[in-house]
Amino acid sequence: MAAWLLRCTSTDRGWRKFHMSVGKADPTHAKSSVRHLQSLGLTAQKGRYLAEQYFDGGSAAERRMALGQLSVYLSEIEEKASLAVEDWADFHGDAVAALLLDSSDRETK
Numbered sequence: 443m444a445a446w447l448l449r450c451t452s453t454d455r456g457w458r459k460f461h462m463s464v465g466k467a468d469p470t471h472a473k474s475s476v477r478h479l480q481s482l483g484l485t486a487q488k489g490r491y492l493a494e495q496y497f498d499g500g501s502a503a504e505r506r507m508a509l510g511q512l513s514v515y516l517s518e519i520e521e522k523a524s525l526a527v528e529d530w531a532d533f534h535g536d537a538v539a540a541l542l543l544d545s546s547d548r549e550t551k
């Protein structure tokens, strides 16, 4: 989700849409969003390390345990990405909704 949001806002059109809405970012929302994204990155890193550790090694039971833990990490990443987007939606709701709609349209094509 974070990579998607960065991609969307990196284009001139996406950047304008993201900033055309209500107003200036409240520092509290920005800090909260960054905290969620930092936490998301750390969770992704833990998941990557786990996948690397069990890619070529470990018993069947250990690999099954690793897959279960990876599922937990992916769920956490999904939640943290959603929370970061919600932080931005608190003050730029229309812009975030437009970006999500554009993304949804692209995924269905």
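Each residue of the sequence shown is one higher than the one before, starting from 443 at the first, in my numbering. Virtual Cβ for every residue (Gly too), placed ideally from N, Cα, C.
Item, Value
"Between which two residues does the alpha helix (DSSP H) holding D529 run?", "A502 to A531"
"Looking at C-alpha atoms only, which residue of R548, A493 and V538 is the closest neighbour of G510?", "A493"
"Is the stretch 475-492 close to the stretch 517-531, with three or more CB pairs under 8 Å?", "yes"
"Please tell me whether A486 and I519 are closer than 8 Å, where the distance is taken between their beta carbons.", "yes"
"Under the rule that 16 or more other beta-carbon atoms within 10 Å means buried, what is L541, buried or exposed?", "buried"
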